[in-house]
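Protein chains: 2
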Amino acid sequence: MQNKEIARRVRLFIETCRRHQLKITPQRVGIYRVLIQSQRHPTADLVFRVVKKEFPNISFDTVNRTLSTFAEIGVLDVVETFGGPKRFDPDITDHHHLHCMACGRIIDFEYEGYARLEVPKAIATTFKVISRRVVLKGLCDTCTAKQQMF
Amino acid sequence: MQNKEIARRVRLFIETCRRHQLKITPQRVGIYRVLIQSQRHPTADLVFRVVKKEFPNISFDTVNRTLSTFAEIGVLDVVETFGGPKRFDPDITDHHHLHCMACGRIIDFEYEGYARLEVPKAIATTFKVISRRVVLKGLCDTCTAKQQMF
DNA sequence: TCTTAAATAGGATTGATTCCTATTTGTCAA
DNA sequence: TTGACAAATAGGAATCAATCCTATTTAAGA
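Those sequence lines, one after another, are chains A and B. Mapping the first sequence onto my numbering, position 66 (from 1) lands on 66, and the numbers just tick up by one. Mapping the second sequence onto my numbering, position 27 (from 1) lands on 27, and the numbers just tick up by one.
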């Protein structure tokens, strides 16, 4: 990601914080910068270890609390998992997920065919849908290859 | 659920265990019986507390390990969550989920319109899809009502 | 500046899961 | 039916994740 693009997104992020009456702290900006440059779907611990390089005194609690705050104001998503630590997704645009059941990898994909997953009428009346996602479980290519070795 | 239906499913379950060279222990059968009669999506701890009534000496580890074993042989599903303890689903037929972001409730639904979620060709070549599910995040009626009180 | 509520650091606590090991038990073959 | 053995269990210890607690620091508006 270009420095220019990072700066642009940080500016937008700061806007969002202000709109929600959140103080702009160096820790929050640092965490946000790590997040948007991280490999997809990091855990709080992973973010913590990376941020620690820039802020050696930062605590895990701050990172974790901050990530939850970011989720609340819509700066990131908590993604669905099948157990294990929470995982966060800085990509809040519509997309779908493949979950490898063997290695736990989550792979993003976009697909025109799922673009308008209409919500059944019966549900729309009793449930307020905020986001929709197709989750495909299975085996990624690496794990399929490994299985065939036996 | 009728006793007859339970007996039928237990027989099928025992078949499945045999196919996978798993021993038929009273604990496994007990856990399976609790599972198919439980409210949907119980945690290991919930299953443990119920099974404990019939097997006072059973350990949490046995319940938890057994549930994982059941998932491996396809007797149940581990369902997607957004953090918190693992949750298991005895309903392995195709269905979809609503997740209430406020109370964490998971509501099953079936929908004709999602019946044939075709897998994009580009993905089918590199990823072996085993199950597909639409996950809708939002607010259930109870939580929507609560929010409007403020 | 000054004030104040919000945020942070760091350690303690809680909760969930897995690991370890001695003991028990289902299964299969004799 | 019995004996042998690998698999499974019980119970406690250890690990990992998340949250709580509180003294201290800090961002932001007056």
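Each residue gets a CB set at the ideal place from its N, CA and C atoms; glycine is no exception. All values derive from a computational prediction rather than experimental measurement.
query                                                                                                                               : result
Whole-angstrom distance between Thr-125/A and Lys-52/A, CA atom to CA atom                                                          : 46 angstroms
Inter-residue Cα distance where the pair is Ala-9/B and Gln-37/A                                                                    : Residue 9/B is actually Arg in this sequence, not Ala. Straight-line Cα distance between these residues: approximately 49 angstroms.
Short CB-CB distance (under 8 angstroms) between Asp-141/A and chain B                                                              : yes
Where Thr-69/A meets chain B, residues with beta-carbon distance less than 8 angstroms                                              : Correct list: empty, because the minimum Cβ distance to chain B is about 15 angstroms.
Burial state of Ala-7/A, where buried means 16 or more other Cβ atoms lie within 10 Å                                               : exposed
Enclosing beta strand (DSSP E) for Leu-98/A [first to last residue]                                                                 : 96 to 100
Beta-carbon neighbours of Gly-104/A, restricted to chain B and to distances below 7 angstroms                                       : Near Gly-104/A there are no residues of chain B at all, since even the closest Cβ is about 12 angstroms away, more than 7 angstroms.
CB-CB length for Gly-113/B against Pro-120/A, believed under 8 angstroms                                                            : 7 angstroms
Where the alpha helix (DSSP H) through Arg-8/B begins and ends                                                                      : 3 to 19
The stretch 65 to 74 of chain A touching the stretch 27 to 46 of chain A, judged by at least three CB pairs closer than 8 angstroms : yes
Proximity test, Cβ basis, 8 angstroms: Glu-5/A and chain B                                                                          : no
Bounding residues of the alpha helix (DSSP H) (the contiguous stretch that carries Arg-49/A)                                        : 44 to 54
Opposing strand residues paired with Lys-23/A [DSSP bridges]                                                                        : DSSP lists no partner for Lys-23/A.
Host beta strand (DSSP E) of Val-79/A (start-end)                                                                                   : 77 to 79
Buried/exposed call for Asp-77/B, threshold 16 Cβ in 10 Å                                                                           : buried
Neighbour flag for Val-63/A against chain B, beta carbons, 8 angstroms                                                              : no
Neighbouring residues, chain B, relative to Leu-136/A (Cβ below 9 angstroms)                                                        : Leu-117, Val-119, Ile-123, Phe-127, Val-129, Ile-130, Ser-131, Arg-132, Arg-133
Terminal residues of the alpha helix (DSSP H) in which Val-63/B lies                                                                : 60 to 72
Cβ of Gly-74/A within 8 angstroms of any chain B Cβ                                                                                 : no
Whole-angstrom distance between Asn-57/B and Thr-25/B, CA atom to CA atom                                                           : 14 angstroms
Exposed unless 16 or more other CB atoms sit within 10 angstroms - verdict on His-20/B                                              : exposed
DSSP-derived helix/strand/coil call for Arg-30/B                                                                                    : For the record, residue 30/B in the displayed sequence is Gly; it is not Arg. Three-state DSSP puts Gly-30/B in a helix.
Where the beta strand (DSSP E) containing Lys-128/A begins and where it ends                                                        : 127 to 140
Leu-98/A at chain B interface by Cβ criterion, 8 angstroms                                                                          : yes
DSSP-derived helix/strand/coil call for Ile-107/A                                                                                   : strand
Phe-82/A - containing beta strand (DSSP E), residue span                                                                            : It is not in any beta strand (DSSP E) - Phe-82/A carries neither H nor E in the DSSP assignment.
8 angstroms Cβ cutoff met for His-96/B and Phe-109/B                                                                                : yes
Same chain, Cβ closer than 8 angstroms to Ala-102/B, neighbours up to 5 away in sequence not counted                                : Leu-139, Cys-140, Cys-143, Lys-146, Gln-147
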